[in-house]
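For the sequence shown, the working numbering assigns the number 155 to the last residue and increments by one with no breaks.
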Amino acid sequence: MRDDATASAAMLGLPGFRVLAVAAYAGEVEQAVETVEEVTGCPSCGVVAQLHDRRPSWVRDLPAGGRPVTLVWVKRVWRCREPWCPKVTWTETSAAIRPRASLTERARREACRRVGQDGHTVAGVAADFGVGWATVMAAVREYGTRWSMTPTGFTQ
Ligand SMILES: [Zn+2]
């Protein structure tokens with residue numbers, strides 16, 4: 000387990016995030032992560048915010064060693080200290096994981112690459128990533144239209 004945790008921490012490599020804990024069960028890997036942003040300013044008034052709460056958010060990431068990976072992003076909920084400020088509380092966001100996303104952005108991109116470039120089926124990629132067919136199809140549509148098709152697949 001220790002080696003597994005070390006390997007997974009090294010594998011995460013998601014900019015702006017660090018691993019809090021790793022668990023492996025039922026052929027899957029679950030990693031609890033948080034952002035490295037421990038101090039932030041209120042987006043409305045700029046005053047240094049106070050940590051108000053933490054809320055978990057589940058999202059699938061790139062598979063590791065052939066196993067689907069789930070990230071449990073322990074999101075910080077911030078509170079503004081200024082009583083007159085209209086921004087009372089807010090939840091942190093990241094460009095790497097969109098709000099309410101089923102997959103991290105890098106996993107969406109990789110899912111599209113596997114379908115468009117490696118010729119994997121959407122259903123096969125969905126099984127590898129541990130998500131539904133529609134989730135992979137949405138990633139293929141979005142990234143596939145951003146990239147251009149060539150005879151050998153997608154290029155950027
Ligand atoms: Zn404020």
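Virtual Cβ for every residue (Gly too), placed ideally from N, Cα, C. Remember, predicted model here, so these are calculated numbers, not experimental data.
Since arginine 112 is in the alpha helix (DSSP H), which residue starts that stretch and which ends it?
104 to 115
Mind checking whether valine 76 and threonine 92 have CB atoms under 7 Å apart?
no
On the three-state DSSP scale, how would you describe alanine 8?
For alanine 8, the predicted model reports a pLDDT of 48, less than 50, meaning its position is unreliable; a value from the coordinates is still stated below. Three-state result, alanine 8: helix.
Residues in its own chain within less than 7 Å of leucine 61 by CB, not counting five upstream and five downstream?
Val68, Arg105, Ala106 and Glu109
Alpha carbons only, please: which of Val38, Gln49, Gly143 and Tyr24 is nearest the one belonging to proline 82?
Gln49
So, tryptophan 57 versus valine 71, is the Cβ gap smaller than 7 Å?
yes
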